[in-house]
Amino acid sequence: MQNGNKTLEKNDKVVIPLIRLLPALAIGPATWLGAYIVANSIFIPAMLQKLDGTNKVNLVALFSTCAMILCAISNMVAGYLSDRTRSHFGARTPWILGGSTVFAIGMFLASASTSVLWLFVMWMVTAVALQFIVAPMVAWIDFAEKKYQSTASSAYGGVGMAFGNNGFSVIGALF
Numbered sequence: 148m149q150n151g152n153k154t155l156e157k158n159d160k161v162v163i164p165l166i167r168l169l170p171a172l173a174i175g176p177a178t179w180l181g182a183y184i185v186a187n188s189i190f191i192p193a194m195l196q197k198l199d200g201t202n203k204v205n206l207v208a209l210f211s212t213c214a215m216i217l218c219a220i221s222n223m224v225a226g227y228l229s230d231r232t233r234s235h236f237g238a239r240t241p242w243i244l245g246g247s248t249v250f251a252i253g254m255f256l257a258s259a260s261t262s263v264l265w266l267f268v269m270w271m272v273t274a275v276a277l278q279f280i281v282a283p284m285v286a287w288i289d290f291a292e293k294k295y296q297s298t299a300s301s302a303y304g305g306v307g308m309a310f311g312n313n314g315f316s317v318i319g320a321l322f
């Protein structure tokens, strides 16, 4: 049964044609992962060098450990909330837009840090915001027809994440 651009299967599960889904599954992870990789591997160490170069190595480890723990928890919360959201814009879109907005504002505020504590707080805020982008995007894989879910998963994990991880590191290093 057709419903606009979406096709509904017998169980009323939303199915998005692969031709529309694959670009989103490649571009989405590239952009969120790219921003994260540049922030994590270039921006945070540079800011810590500027704010407290003597303790930079220990602070990078502290920032990473705390962010990983917070991300593990907030990813589950973000997934739970996006699974239960019903809005005019869909279940995932409000969370992705909200997470993107908070991430961008948080990174802007982090760039103005004058203390390690402020940088730490902003990094934790952006880590949580990032999970509200990541968790809803991972759920997009489920929108592919059953027979194409492995293709959708490959687009997400292979193309998007590879470019986000490697391509953005090179671009970020130029600045």
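Numbering of the sequence shown is given in our numbering, commencing with residue 148 and proceeding in unit increments. The beta-carbon is built from N, C-alpha and C at its ideal position, and this holds for glycine as well.
Tell me which same chain residues have a C-beta within less than 8 Å of the C-beta of residue i, skipping the five on either side of it?
i: threonine 273; result: Ala186, Val249, Phe250, Gly253, Met254 and Ala257
i: methionine 271; result: Cys213, Ala214 and Leu217
i: methionine 269; result: Gly253, Met254, Leu256, Ala257 and Ser260
i: isoleucine 94; result: Missing from the structure shown is residue 94; the chain here goes from 148 to 322 and no further.
i: methionine 194; result: Ala257, Ser258, Ser260 and Leu266
i: glutamine 196; result: Lys203
Go to residue i, then tell me how far its alpha helix (DSSP H) extends in each direction, as first and last residue.
i: tryptophan 265; result: 263-285
i: serine 301; result: 296-301
i: valine 317; result: 315-321
i: alanine 171; result: 165-185
Taking only beta-carbon atoms, is residue i less than 7 Å away from chain C?
i: valine 207; result: The structure shown has no chain C; it contains just one protein chain.
Determine the burial state of residue i: buried for a count of at least 16 other Cβ atoms within 10 Å of its Cβ, exposed for fewer.
i: proline 170; result: exposed
i: methionine 223; result: exposed
i: leucine 155; result: Caution is warranted here: a pLDDT of 47 is assigned to leucine 155, below 50, making its placement in the model unreliable, and no coordinate value can be reported.
i: tyrosine 183; result: buried
i: lysine 299; result: The residue asked about is misnamed: residue 299 is alanine in this sequence, not lysine. The residue is buried, with at least 16 neighbouring Cβ atoms inside 10 Å.
i: arginine 231; result: exposed
Measure how close the beta-carbons of residue i and residue j come, nearest whole angstrom, since I'm counting them as under 8 Å.
i: leucine 180; j: glycine 311; result: 3 Å
i: alanine 225; j: glutamine 296; result: Going by Cβ atoms, the distance from alanine 225 to glutamine 296 rounds to 21 Å, so no, they are not a contact pair.
i: alanine 276; j: glycine 237; result: Alanine 276 to glycine 237, Cβ: 19 Å. No contact.
i: phenylalanine 210; j: phenylalanine 267; result: 6 Å
Skipping 5 residues on each side, what residues in its chain have a beta carbon closer than 6 Å to that of residue i?
i: methionine 308; result: Pro176 and Leu180
i: tryptophan 242; result: Ser229, Phe279 and Pro283
i: valine 263; result: Leu198 and Asp199
i: serine 316; result: Ile184
i: glycine 319; result: Val185 and Ile189
Going along the chain, which residues of its own chain have a beta-carbon closer than 7 Å to the beta-carbon of residue i, five neighbours each way excluded?
i: lysine 157; result: Low per-residue confidence applies at lysine 157: pLDDT is 45, beneath 50, and the placement is therefore not dependable, though the value from the model is reported in the following sentence. Excluding residues within five positions, none has a Cβ falling inside 7 Å.
i: proline 192; result: Lys203 and Val207
i: phenylalanine 290; result: Val161, Val162, Ile163 and Leu168
i: serine 234; result: Pro241
Using 6 Å as the cut-off, classify the Cβ of residue i as near or not near the heavy atoms of the ligand COA, replying yes or no.
i: valine 185; result: No copy of the ligand COA appears in this structure; indeed no ligand is present at all.
Review point. What are the uninterrupted segments assigned as alpha helix (DSSP H) that are 4 or more residues long and contained completely in the region 193-275, given in chain order?
Key: Segments of the alpha helix (DSSP H) lying fully in the region 193-275: 203-231 and 240-258.
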